Amino acid sequence: MGQSVRRIHAISEVIALCAVMITVAGFAFASAASVRNFFFEQERLMLSRSAVFLTNQLADRLDLFASYTDDAFRGTRPAAPFDISLGLIVSAHDLSVVEVLPSERSGEFFVGYSLANSAPGKILSGIGDGQRIHTGVIRSPEWDGPALYYAERRGDRIVVCVSGIEAIARVLSHVSDISSG
Numbered sequence: 001m002g003q004s005v006r007r008i009h010a011i012s013e014v015i016a017l018c019a020v021m022i023t024v025a026g027f028a029f030a031s032a033a034s035v036r037n038f039f040f041e042q043e044r045l046m047l048s049r050s051a052v053f054l055t056n057q058l059a060d061r062l063d064l065f066a067s068y069t070d071d072a073f074r075g076t077r078p079a080a081p082f083d084i085s086l087g088l089i090v091s092a093h094d095l096s097v098v099e100v101l102p103s104e105r106s107g108e109f110f111v112g113y114s115l116a117n118s119a120p121g122k123i124l125s126g127i128g129d130g131q132r133i134h135t136g137v138i139r140s141p142e143w144d145g146p147a148l149y150y151a152e153r154r155g156d157r158i159v160v161c162v163s164g165i166e167a168i169a170r171v172l173s174h175v176s177d178i179s180s181g
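Counting from 1, one number per residue, gives the positions in the sequence shown under this note's numbering.
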C-alpha cells in the first residue's frame with residue numbers, strides 16, 4: 001500500500017506541475033497576444049494619423065506645385081522644390097514626354113517616352129484643361145518605388161511632377177523638424 005500511495009502522490013505531483021505549466025503557458029500566450037494587439041492598434045492609429053497628415057500635405061504640396069507649373073508653362077526652367085524628384089512636360093494627346101525638366105532624377109525619362117500604358121498615364125488621360133491634380137501613392141513601371149504624381153494641364157500640355165518616397169520622407173522630416181523646433 002505504501003508503494004501505490006507514493007505512485008498516486010507522484011502522479012498527482014506531475015499532473016499539478018503540468019497544470020501549472022499549461023496555466024503559465026496560456027497566460028504567457030494571452031499576454032503576448034495582448035501586447036501584439038496593442039502594438040498593432042498603435043501602428044494602425046499612427047498610420048491613420050499619417051494618412052490624414054499626408055492628405056493635408058498633398059493639398060498644400062499641390063498649391064506649391066502651382067508656381068512650378070507656371071514657370072514650366074511660360075518656358076522658364078523651373079527650379080524643382082525639394083520634394084519634387086522628377087519633372088516632365090507631356091503631350092495631352094498621346095501622353096508622350098515633350099520635355100524633361102531639371103530635377104534630381106531627370107535621367108529616367110526621355111523625350112518621346114510614352115506614359116499612356118502606365119498607371120500615371122491612366123490618371124493623366126482624364127485630366128481636363130486647367131485642372132490640377134495629384135494622385136495618391138502609386139507604383140508605376142517607370143519608377144522604382146511608390147511615388148506621388150502631381151499634374152496640371154493647360155491646352156495640349158501637361159506638367160507632371162513626381163515625388164518619390166525619398167522626397168516624401170524629406171518633406172516629413174522637414175515638417176517634423178519645424179514642429180519640434
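We put the CB at the ideal spot given by N, CA and C, even for glycine. These numbers were taken from a predicted model, which means no experiment stands behind them.
Residue burial classification, E166 (beta-carbon count within 10 angstroms, cutoff 16)
exposed
Going by the DSSP bridge assignment, what does G87 pair with across the sheet?
Listed as beta-bridge partners of G87 by DSSP are L101, C161.
What's the C-alpha gap between V5 and E13?
12 angstroms
Among P102, R74, L62, which one has its Cα closest to the Cα of R157?
R74
For the pair the segment 114-125 and the segment 36-48, tell me if three or more CB-CB distances fall below 8 angstroms.
no
With DSSP as the reference, label S34 as helix, strand or coil.
helix
To the nearest angstrom, how far is the alpha carbon of E152 from that of L172?
Rounded to whole angstroms, E152 to L172 spans 24 angstroms at the Cα level.
Going by beta-carbon coordinates alone, are I127 and A92 separated by less than 9 angstroms?
In this structure, A92 lies closer than 9 angstroms to I127 by Cβ.
Rounded C-alpha distance that separates G112 from P102
17 angstroms
I84 vs V162 beta-carbon contact at 9 angstroms:
With respect to V162, I84 sits close: the two C-beta atoms are nearer than 9 angstroms.
Buried or exposed: which applies to I11, given that a residue is buried once 16 or more other Cβ atoms fall within 10 Å of its Cβ?
exposed
Output the distance between the C-alpha atoms of R61 and S34, rounded to the nearest integer angstrom.
About 39 angstroms.
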